[in-house]
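*Asks:*
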Amino acid sequence: MQIELRQISKRFGRFEALKGIDLTVASGTIHGIVGENGAGKSTLMKILTGYLGRSAGHILLDGREVACDSPASAAREGIGMLYQEPQDFPPLTVLDNFIVGRDGPGDANRARQRRRLRELADRVHFHLDPDAPLQQLTVGERQQLEFLRLLGREARVLILDEPTTGISDRQKGLLFEALRRIRDDGRTILLVSHKLEDVEALCDRVTVLRQGRVSGEESAPFHLPRLLQLMFEAPEGTAPPAAVPTRSRRHRPGEPILRFDRVSAPGERTGLHHCSLTIHRGEVVGLAGLSGSGQGLFLRLAAALIDAREGEVRFHGRRLGSDDHRAFRRSGGSFLPADRLEEGLIPGFTIQDHFALADGIPARRARQRARQAIERFDIRGRPDTPAEALSGGNQQRLLLSLIPEQADLILLENPSRGLDVASAEWVWGHLRGQYAQRGAIVFSSAELDEILAIADRVLVFHEGRVVRDLSGDAIDYHQVAAAMTGH
Amino acid sequence: MKPVLRPAIDGLLILVLVFLFTSALLLLVDTSPVEAYGHLLRGSFGSWSKFSRVLNVWVPLTLCSMGLLYAFRAGLWNIGVEGQMVLGAIGATAVLNGGLGSDTPLLWLGLALLAGMLLGALWALLAGWLKVWGGVHEIFTGLGLNFVAVGLVLWLIFGPWKRPGIASMSGTQPFPRELWFPTLEGWRVSPFAIGLALLVVLLSLWLLQRSRFGLELKAVGQNPRAVPLYGLSPVRYMLIAITLSGALAGLAGTLQVSGVYHRLIPAISSGYGYLGLLVVMLANFRLLPIPFIALFFAALNVGSIQLPMMMQLDSSLSGVIQGACVLSALLVFGLRRLQRRSP
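Chains as they are written, first to last, in our numbering: chain A, 64 to 550; chain B, 314 to 656.
1. Output, in chain order, the set of chain B residues within a Cβ distance shorter than 9 Å of A/Pro478.
2. Where does A/Asp387 land, buried or exposed, given buried means 16+ other C-beta within 10 angstroms?
3. My guess is that B/Arg501 and B/Ser365 are in contact by the Cβ rule of under 8 Å, so how many angstroms apart are they, rounded?
4. Could you check whether A/Thr270 and A/Ile96 sit closer than 8 Å to each other, using their CB atoms as the reference points?
5. Going straight from the alpha carbon of A/Ala305 to that of A/Ile230, what length do you get?
6. Does any CB atom of chain A fall closer than 8 Å to the CB of B/Tyr550?
7. Just mark B/Leu497 as buried or exposed, buried being the case when its beta carbon has 16 or more other beta carbons within 10 Å.
8. Just the C-alpha distance for A/Trp491 and A/Ala450, rounded to the nearest angstrom, thanks.
9. Helix, strand or coil, according to DSSP, for A/Ala305 in the structure here?
10. Counting only Cβ pairs nearer than 7 Å, list the residues of chain B close to A/Ile409.
11. Compare the C-beta of A/Gly423 against all C-beta atoms of chain B and say whether one is closer than 8 Å.
12. Using the rule of at least 16 other Cβ atoms within 10 Å of the residue's Cβ for burial, across every protein chain shown, is B/Met622 buried or exposed?
13. Whole angstroms is fine: what's the gap from B/Asn369's alpha carbon to B/Ser503's?
14. Check for me: the alpha helix (DSSP H) holding B/Asp323 runs from which residue to which?
15. A/Cys338 by DSSP, collapsed to three states: which one?
16. Whose Cβ in chain A lies nearer than 7 Å to the Cβ of B/Gly657?
17. For A/Glu299, is the classification buried or exposed, using 16 other Cβ atoms within 10 angstroms of its Cβ as the cut-off for buried?
18. Under 8 Å Cβ-Cβ, which residues of chain A neighbour B/Arg599?
19. What three-state label does DSSP hand B/His575 in the structure shown?
20. Between A/Arg117, A/Gly236, A/Ile93 and A/Glu468, which lies nearest to A/Ile84 when the distance is taken from Cα to Cα?
21. Runs of 4 residues minimum, wholly inside the region 444–525 of chain A: which ones carry the alpha helix (DSSP H) assignment?
22. Which residues, taken in chain order from the region 513–532 of chain B, show a beta carbon closer than 9 Å to some beta carbon of chain A?
23. Would you call A/His493 buried or exposed, if buried means 16 or more other Cβ atoms sit within 10 Å of its Cβ?
24. Just the chain A side, please: which residues come within less than 7 Å of B/Tyr543 by C-beta, in chain order?
25. Got a sec, what are the start and stop residues for the alpha helix (DSSP H) A/Leu197 sits in?
26. Counting only runs of 3+ residues fully inside the region 118–179 of chain A, write out the beta strand (DSSP E) ranges in chain order.
27. Using the beta-carbon count (16 or more within 10 Å), is B/Phe494 buried or exposed?
28. For the region 451–467 of chain B against the region 574–590 of chain B, are there 3 or more C-beta pairs whose distance is under 8 Å?
29. Is there a Cβ of chain B sitting closer than 8 Å to that of A/Leu461, yes or no?
30. In chain order, what residues of the same chain have a beta carbon less than 6 Å from the beta carbon of B/Ala596, not counting five sequence neighbours either side?
31. Does the region 324–335 of chain A come within contact of the region 496–503 of chain A, defined as at least 3 CB pairs closer than 8 Å?
32. Identify the continuous alpha helix (DSSP H) that holds B/Thr454 and give its terminal residues.
33. Could you give the DSSP three-state label for A/Arg205: helix, strand or coil?
34. Confirm, please, whether the CB-CB distance from A/Glu373 to A/Val326 is below 8 Å.
35. Rounded C-beta distance between A/Phe479 and A/Ser508? I'm assuming under 8 Å.
36. Is there at least one Cβ from chain B nearer than 8 Å to A/Phe412's Cβ?
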């Protein structure tokens, strides 16, 4: 099915997220949508799938204008989306998840659906046990199931949002092969990604978005420098992002800032068990581990957001009590959660409101602070833009700009989650430049590469325990990777 | 369309919907809508005496609605306003009982105000505590505490505070005139009560819309999970909000005792707590429309009193109109949201 978008615009209040997007995707191709954070990729895809209304513009499928004004109507037109986080029902089995939501005649016939699931899986070489509870599946397998669900629904347009995040190389290979196969069946695929390697491997054509506009289109084979230029070339008059200072590896720790003494706490998947360690001034510490191995608990214990069941946490020599995040902040600590809109920002509050709240200052001064931060942190928004209208990357910049300048312990949970390369570089350049000398930075990350590139000390978490504590030259990819998986 | 005009147009749309619905209903029972509306209007704004009765309803209704707004800002459904109002009335009655025969009635009236607010606040705080420490949703505790409050007031009226001779549903022995809230000749409403209500509106305007506390309260209501990162304790703000909510309800209850009925009666709250919920919803949880909507609702309540006499029509027509208002408002607000979502 051919997709044609004409002059699609979207406003959030006074902020214009999309400024007249024209895009044509030929039938039976894999088409990439790339762009840095805040370029408008997610907004555009949400409009195409009916989750967001558009302010102006038309959507044509095979030359016929369609409404696409609700997820249901988009689904009826054959548009299906594969989200970054699987949208499924973990307590149910694979087969239940495959069937749920289908209400056509005979759709409840389990034997028939079981057969259908098998056929579809065979066609793209996926292997899923129909009776396995979803909880036992990896993210990659759940993604495969969602993919099969979309196929089973006769989706003729598939939109994939960052499909390779959090899945293994083998699963990625399977997914790519399946995508090529269904393209050859005549389906149209839209791939939204930060990862140019995925785009290069898969796409026939690519549209680059920048600041809500189409900045260019390219056909395979792609010329990488040209794509990067289209994505990142700064408009005249703005400064290039600060370069990332390279890791020194010769880290000489200063005085202790944060001390864990035999700390245990329940929570996450594994809890945290008997954690004892000290973080010093001048350290950049990466927390490695499979997601949910205790890193999140460690950060929240350090930030005094939750209570230790045993042991004690000392920040600047002072024992932090229960629910003492306020004291933690006052003594120079800051914590940035991974789930920015859920745990970090206040929906409905503007950028300006966030400064008024964080600094306890009146509206006029908050407006001034917001203006300064927008400029200094290059936030794509205005002082009166609500937080939920910002893209993930800009939400992260807003959170960073809210950290007090005199802070000396920065705790970050997956700080570059959902950020493109340039944004992530900017974030790290800022953090290292601002805080690494004066204090300590502790961060967790889902990307091992990021930890190895940034940290000068790595703590490896496995099943709620710190199983390795490596510094400087002792940090080794294979050793860290092995420790993460329990070797 | 200019954004400033939008609320006005929405308001007009709501009134038209209500008018159509109510008129259709009246026609269905063979009554002239024009006549009914005329009686409503004359019954509420026809004379100063009638209008002062409207104000008598406006005062507690506004206080309860303002109180509810504090709770809503913090994300709480303080259904317990009714009970908090009753407890306020009980507190006031207890103090005024102590002031019988005193030389300084004004002092006792002042004390009654404080006691009423305190008891209302404590009753609300109970619901707040049960929520934050017990994990019980405030709607359940509020509802439960309302029943307990009604039980308490009945026990007092028929037990310890019963009239000399025989206890009756008409309430306790009326207080002597010195212990009434001061009023003027020909006024059925105390100017002090009106002044208090206006003061509460103005103070809330500053506290909720202008002050840092208001911003923080709103943040707690919008995302209690994130506010700890800003050094704020959501629990503390929720407790403060529900306590303020209860104090205002208690104040309303006190004014019912000392300014309107001059005694404690079983139905001392007159359902203003629940009506306040409708007022706040109709105001779309914003502050400024509240006093005006409360006035409109008060006028409906008072105006409908003479419907049974004049037209053999039940006075519940006012309730029908109020309910229709809120339903139409929810409809209009919902449509607006849909409109914002699509082109």
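Each residue gets a CB set at the ideal place from its N, CA and C atoms; glycine is no exception.
This one's a predicted model, so the numbers in the text were calculated from it and none came from an experiment.
*Replies:* Result, derived from the coordinates:
1. Here the premise fails: no neighbours, minimum Cβ distance about 15 Å.
2. buried
3. 4 Å
4. yes
5. The predicted model places A/Ala305 with a pLDDT of 36, which falls under 50 and marks its position as unreliable, so this point remains unresolved.
6. no
7. exposed
8. 22 Å
9. Residue confidence is low: A/Ala305 scores 36 on pLDDT, short of 50, so the model does not pin down where it sits. Its coordinate-derived value is still stated next. The answer is coil: DSSP assigns A/Ala305 none of H, G, I, E or B.
10. Ala532, Gln535, Asn536 and Ala539
11. yes
12. exposed
13. 8 Å
14. Leu318 to Leu341
15. strand
16. As displayed, chain B neither begins before 314 nor continues past 656, which places residue 657 of chain B out of reach and without an answer.
17. The predicted model places A/Glu299 with a pLDDT of 43, which falls under 50 and marks its position as unreliable; any figure quoted below should be read in that light. Exposed is the call here.
18. The premise fails here: B/Arg599 is roughly 13 Å from chain A at the closest Cβ pair, so nothing lies under 8 Å.
19. coil
20. A/Arg117
21. 455–464, 484–494 and 511–517
22. Arg523, Arg525, Leu528, Glu529, Lys531 and Ala532
23. buried
24. Leu420 and Ala421
25. It is not in any alpha helix (DSSP H) - A/Leu197 carries neither H nor E in the DSSP assignment.
26. 119–124, 127–129 and 142–145
27. buried
28. yes
29. no
30. Pro602, Ile603 and Ile606
31. no
32. Glu451 to Phe471
33. helix
34. yes
35. A small fix is needed here, since residue 479 of chain A is Ser in this sequence, not Phe. 7 Å between Cβ atoms; contact.
36. yes
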